[in-house]
Amino acid sequence: MRKSKALSALTFLAIGLFLLGLSNFVDELRVYQGAQIAVYVIAISSIILLTGYSGQISLGHGALMAIGGYAAVLSYTYWHLPVLLAFTVGALAAALGGFILGMAAARLSGPYLAGTTLALAVGLPSLANQFHILGGEGGLSFDIGEAPKWIANKTGGDFTQYKWFFWVSTVCALVTIWFIKNLLQSRFGRTWRAVRGNPSAAALSGINIGRSKVLAFTVSSALAGLAGALLAMLLGLVAPMAFTLTLSFTLVTGAVLAGVTNLAGSIVGAVVLVVIPEITDVVATHLGGSEKITANLPGLITSVLLILTVIFAPNGPKLHIRKKVHN
Amino acid sequence: MLVHRSTKRGAFAVAVAAVAALAVSALPAQAFSPRSEAGVTATTIKLGITVPLTGAAAPGYNKVPYGMKAYFDYVNDNGGVNGRKIQLVIKDDAYSPILAKSVTNDLILKDKVFALVGTLGTANNEATSKFVNDKGVPRLFVNTGFSGFANTKKYPTTYALFPSYYMEAKAIGGYLADKFAGKKVALIYQDDDFGIDALAGFAQVGTTFVAKIPYASGSQADPTVVGKWISTIVSSGADTAVVFGVSTATAAALGGAYKAGLAGKVQWILGSVGADPTTIKTLVPAALPLLNGAIATSFLPAAADTNDEYVKQFQEINTKYNKGATFDSNVLVGMNAGMLTVQALRAAGANPTRAKLMAALNTSGSKFASAGFAPLGWSKTSHVGYNGYWFGRLAADGSQTPVDGAGKYVLYTTDSSKGAVVKSAITRPAMPAKGLPTN
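If you read the protein sequences in the order shown, they are chains Z and Y. Okay, so the first sequence: first residue is 1 according to this note's numbering, each after it adds one. Okay, so the second sequence: first residue is 1001 according to this note's numbering, each after it adds one.
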């Protein structure tokens, strides 16, 4: 067991070094997209943890990301916290929000839970228009600055701000996956799976179902909050429009495409979400379509992919392919 | 179970494959990245603009980029700029700073535009500033009058064209003191840097209001919000109302006031941003009776003034190159910025670079021909464009005639700080033949 842990730690380190090294060789656009992918990976894996392992559904993760984003920006701007601490504040604030939501969630299930979280996704971001400190529709700007000199000097060349964003979000994403992976192998992970598999049997074995569900919701929300703070960093500001209903749905789609019970699949889901607009751009350019087509085509393709996945591979494309091979 | 050893190994294989796919998709972009100045080839110059094509603020402003593109197409058909055709990449930001940031990313990193032209909105341009500055991309003739954009230290690559909202508020304040002394004035304004800039200008000239009514950008679409504006105006006893908002806000205010029976009881004074009569008429036909007789500020000639040589030429171009679009002040704004852009590109020389473009504006920009009535102020130390407004009375047919006497334009010029408001006559360079710059 210890040996395999060391091996997987090494693998993570290798992937991390490979990705960070890669950022020296690719176009800045790809670096930015890489950072986007990393943020999506965190957000999607937070949903996978919640839905795939603890069996609860959330259509409101965009709202939890908003809590994380706003908390990070406010603490950075008004308390002058270092960036990493601001991100932590974002995650903790979202965890608190998720804890409260989780208390309600533990008493609800299926469509009722989906409806409650959906309402949150619709309502919460518009709070920004009610309180002046939240900056209204225009939002609050968030500039974490450039990479520290000791990092920028070591790598040489032009260390752009987007590259720094990529580094920060990639490291956060790897740490997140590492954390979730271990968490799922721990007592908590086993408890969540037991509750998801059969609540009555789990209760009979002495598991406190409510507490287990609330914990899953809280952890998932903290990760969503981190993703929200990172998204604010990427965009350079937080505003209600950053956390739309579309974002919440996109994340669920990403999780479904990944296979909701497949943590590593979150990377696939995230890549797909970033690549789709790229593909539609190429298609629209070839068809000579207007900018309206380019703007709406990604939504259409994502929705179609979602429907196809649910119909033909409800457990995610990977499990589907594996099953085919084994049969 | 799910976390099976073979599954884990499979998971890593998928992860590595995903990363490899991304890397492969990334490499060609590096391999083929251009070595010369971004956006300039032997035969083309690529420019970009962000505007609301959809959403609450879109009506009217969605015509600006197509007016600009029509003018560029006209120039392209007449030889282009030093043999290069101008391409304009138009991106929709729905008047959202978040979307503005993301499409500006695309314009600079993906489309690799040479410069941005006429990007619209105060908050939107603020949101993209950091990135635009970092990349050193010239941002010409922003479609906003936020006075802050003339700050060359904070926005070194940004060139303002519109007189600032600060100037506009001072000019309106001066005009109110001049012609509306003793009246009770209410103010409706957009509650972001757009409106706040105007508030500061009014404060500078000591204009007092019986009611100040802020609205959050986008909330003008909500009838209950508009109802509150009108009831506040009524309860304040105002007989004059100033609107500092986008076209949809002006249309909503006038429509709401008509419904409340305020026709003939309140004199409306409209800031230039939301004063295009064609847009307002189309949006809220009920606003028409109040629009008729409203006073509006402008720094360009009225779009219906066919006696103006620029307007006449632009209307001809619009008919030929912007098929189906009604010529209004939005199209005029787009074409006017287009004409200035062509002069700036010509002045940047046969092998334009971003640095040469900005240097050209600094040294010769103030002499460029444009439809604007106020002089242009660009220099090495200032990125301020126009500096003044004239006041015109709107009529139901969309025309706008000077309020001061028979057809005589009077310009109220000032600055974005403590300078006085000065009345002056209009002087502007003659239009180049056929509207094709030869500088």
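Just so you know, even glycine gets a beta-carbon here, dropped at the ideal spot from N, CA and C.
Nearest-angstrom Cα separation, counted from G1365 (chain Y) out to A1038 (chain Y): As a working mapping, residue 1038 (chain Y) is identified with position 38 in the second sequence. As a working mapping, residue 1365 (chain Y) is identified with position 365 in the second sequence. If I take the Cα positions, the gap works out to 22 Å.
Cβ-Cβ separation, Y1409 (chain Y) to F1368 (chain Y) (assumed contact under 8 Å), whole Å: As a working note, residue 1368 (chain Y) is residue 368 in the second sequence. As a working note, residue 1409 (chain Y) is residue 409 in the second sequence. Rounded, the Cβ-Cβ distance is 20 Å, inconsistent with contact.
Span separating the alpha-carbon of A43 (chain Z) from that of L1262 (chain Y): Stepping through the first sequence from its first residue, residue 43 (chain Z) is reached at position 43. Stepping through the second sequence from its first residue, residue 1262 (chain Y) is reached at position 262. Rounded to the nearest angstrom, the two C-alpha atoms are 52 Å apart.
Span separating the alpha-carbon of Q1204 (chain Y) from that of G1388 (chain Y): For the purposes of this step, residue 1204 (chain Y) is taken as the residue at position 204 of the second sequence. For the purposes of this step, residue 1388 (chain Y) is taken as the residue at position 388 of the second sequence. So the alpha carbons of these two residues sit roughly 16 Å apart.
Residue-level contact to chain Y via CB, M233 (chain Z), 8 Å cutoff: For the purposes of this step, residue 233 (chain Z) is taken as the residue at position 233 of the first sequence. Not one chain Y Cβ lies under 8 Å of M233 (chain Z).
6 Å Cβ shell around G1398 (chain Y) - same chain, five flanking residues per side excluded: Sequence index remark: in the second sequence, residue 1398 (chain Y) carries index 398 (1-based). So the qualifying residues of the chain are P1277, T1278 and A1304.
Neighbour flag for A1325 (chain Y) against chain Z, beta carbons, 8 Å: If you number the second sequence from 1, residue 1325 (chain Y) lands on position 325. By this cut-off, A1325 (chain Y) is not an interface position.
V1132 (chain Y) and T1104 (chain Y) closer than 8 Å at C-beta: Taking the first residue of the second sequence as position 1, residue 1132 (chain Y) is located at position 132. Taking the first residue of the second sequence as position 1, residue 1104 (chain Y) is located at position 104. Contact flag set, yes.
Collapsed DSSP secondary structure at Y1095 (chain Y) in the structure displayed: As a first step, residue 1095 (chain Y) must be located in the second sequence, where it is residue number 95. If DSSP states are grouped into helix, strand and coil, Y1095 (chain Y) belongs with coil.
Contact with chain Z by F1131 (chain Y), beta-carbon distance below 8 Å: Numbered from 1 along the second sequence, position 131 holds the residue referred to as residue 1131 (chain Y). Interface residue, yes.
Buried or exposed (CB count within 10 angstroms, at least 16 for buried), L308 (chain Z): On the first sequence, position 308 is the one that residue 308 (chain Z) refers to. Per the 10 Å Cβ criterion, exposed.
Neighbourhood of S169 (chain Z) by C-beta distance below 6 Å, restricted to the same chain and skipping five residues each side: Counting from one through the first sequence, the residue named residue 169 (chain Z) turns up at place 169. Hits under 6 Å: A35, A38, V39 and L230.
Contacting positions in the stretch 1210 to 1239 of chain Y - beta carbon closer than 9 Å to chain Z: A1216, S1217, G1218 and S1219
Distance CB(T1044 (chain Y))-CB(K1085 (chain Y)) smaller than 8 Å: Along the second sequence, one-based indexing puts residue 1044 (chain Y) at 44. Along the second sequence, one-based indexing puts residue 1085 (chain Y) at 85. In this structure, K1085 (chain Y) lies closer than 8 Å to T1044 (chain Y) by Cβ.
Proximity below 8 Å, CB of M1335 (chain Y) to CB of A1127 (chain Y): Numbered from its first residue, the second sequence carries residue 1335 (chain Y) at position 335. Numbered from its first residue, the second sequence carries residue 1127 (chain Y) at position 127. No, these two residues do not count as a Cβ contact at 8 Å.
G55 (chain Z) - containing beta strand (DSSP E), residue span: Residue numbering aside, residue 55 (chain Z) sits at position 55 when the first sequence is read from its first letter. Neither: G55 (chain Z) is in no beta strand (DSSP E) and is coded neither H nor E.
CB contact check: L29 (chain Z) to chain Y, cutoff 8 Å: Position 29 of the first sequence, counted from the start, is the residue given in the question as residue 29 (chain Z). Answer yes: the Cβ-Cβ gap between L29 (chain Z) and chain Y drops below 8 Å somewhere.
Simplified DSSP assignment, three categories, for N107 (chain Z): As a working mapping, residue 107 (chain Z) is identified with position 107 in the first sequence. Note that residue 107 (chain Z) corresponds to Arg in the displayed sequence, not to Asn. In this structure, R107 (chain Z) counts as coil in the three-state DSSP scheme.
The stretch 1235 to 1255 of chain Y contacting the stretch 1058 to 1068 of chain Y, beta-carbon criterion three pairs below 8 Å: yes
Simplified DSSP assignment, three categories, for R1428 (chain Y): Numbered from 1 along the second sequence, position 428 holds the residue referred to as residue 1428 (chain Y). DSSP places R1428 (chain Y) in coil when its eight states are reduced to three.
Collapsed DSSP secondary structure at L13 (chain Z) in the structure displayed: For the purposes of this step, residue 13 (chain Z) is identified with residue 13 of the first sequence, where counting begins at 1. Looking at L13 (chain Z) - three-state DSSP - the assignment turns out to be helix.
Any beta strand (DSSP E) of 3 or more consecutive residues that is wholly inside the stretch 1096 to 1156 of chain Y: 1115 to 1117 and 1139 to 1142
Spatially closest choice to Q1315 (chain Y) from Y:L1053, Y:L1099 and Y:K1434, by CA coordinates: Your numbering for residue 1315 (chain Y) matches position 315 in the second sequence. Among Y:L1053, Y:L1099 and Y:K1434, the Cα nearest to that of Q1315 (chain Y) is on Y:K1434.
Paired residues, beta bridge with R1084 (chain Y) - DSSP: Stepping through the second sequence from its first residue, residue 1084 (chain Y) is reached at position 84. Paired residues: Y:V1081.
Residue-chain proximity (A38 (chain Z), chain Y), Cβ-Cβ < 8 Å: On the first sequence, position 38 is the one that residue 38 (chain Z) refers to. No, A38 (chain Z) does not count as interfacial toward chain Y.
Alpha-carbon spacing of V31 (chain Z) relative to L234 (chain Z), whole angstroms: If you number the first sequence from 1, residue 31 (chain Z) lands on position 31. If you number the first sequence from 1, residue 234 (chain Z) lands on position 234. Roughly 11 Å separates the two Cα atoms.
Y1258 (chain Y) versus L1283 (chain Y): straight-line alpha-carbon distance, rounded: To locate residue 1258 (chain Y), count along the second sequence from 1; it is residue 258. To locate residue 1283 (chain Y), count along the second sequence from 1; it is residue 283. One C-alpha to the other measures close to 14 Å.
Anticipated Cβ contact below 8 Å, A1359 (chain Y) with A1344 (chain Y), distance rounded: Numbered from its first residue, the second sequence carries residue 1359 (chain Y) at position 359. Numbered from its first residue, the second sequence carries residue 1344 (chain Y) at position 344. With 8 Å as the limit, A1359 (chain Y) and A1344 (chain Y) do not qualify as a contact, their Cβ atoms being about 10 Å apart.
Anticipated Cβ contact below 8 Å, L273 (chain Z) with A284 (chain Z), distance rounded: As a first step, residue 273 (chain Z) is located in the first sequence; it is residue number 273 there, counting from the start. As a first step, residue 284 (chain Z) is located in the first sequence; it is residue number 284 there, counting from the start. L273 (chain Z) to A284 (chain Z), Cβ: 18 Å. No contact.
Beta carbon of V171 (chain Z) nearer than 8 Å to that of G16 (chain Z): Within the first sequence, numbered from 1, the residue matching residue 171 (chain Z) stands at position 171. Within the first sequence, numbered from 1, the residue matching residue 16 (chain Z) stands at position 16. It is a contact, given that the beta carbons lie within the stated cut-off.
Inter-stretch contact (C-beta, 8 Å, three-pair minimum) for the stretch 81 to 98 of chain Z and the stretch 212 to 231 of chain Z: yes
Proximity test, Cβ basis, 8 Å: P1097 (chain Y) and chain Z: Sequence index remark: in the second sequence, residue 1097 (chain Y) carries index 97 (1-based). For P1097 (chain Y), the answer is yes, since a Cβ of chain Z falls inside 8 Å of its Cβ.
Bounding residues of the beta strand (DSSP E) (the contiguous stretch that carries G1237 (chain Y)): Residue numbering aside, residue 1237 (chain Y) sits at position 237 when the second sequence is read from its first letter. Note, G1237 (chain Y): premise wrong, no beta strand (DSSP E); not H, not E.
Proximal residues of chain Y, C-beta to C-beta of A239 (chain Z) below 9 Å: Position 239 of the first sequence, counted from the first residue, corresponds to residue 239 (chain Z). Going along chain Y in sequence order, the residues near A239 (chain Z) (Cβ under 9 Å) are S1096, P1097, I1098, A1123 and A1127.
Under 7 Å from the C-beta of A242 (chain Z): neighbouring residues of chain Y: The residue given as residue 242 (chain Z) occupies position 242 in the first sequence. In chain order: I1098.
Buried versus exposed call for Q130 (chain Z) [16 or more other C-beta atoms within 10 Å across all chains shown]: Position 130 of the first sequence, counted from the first residue, corresponds to residue 130 (chain Z). Result: exposed.
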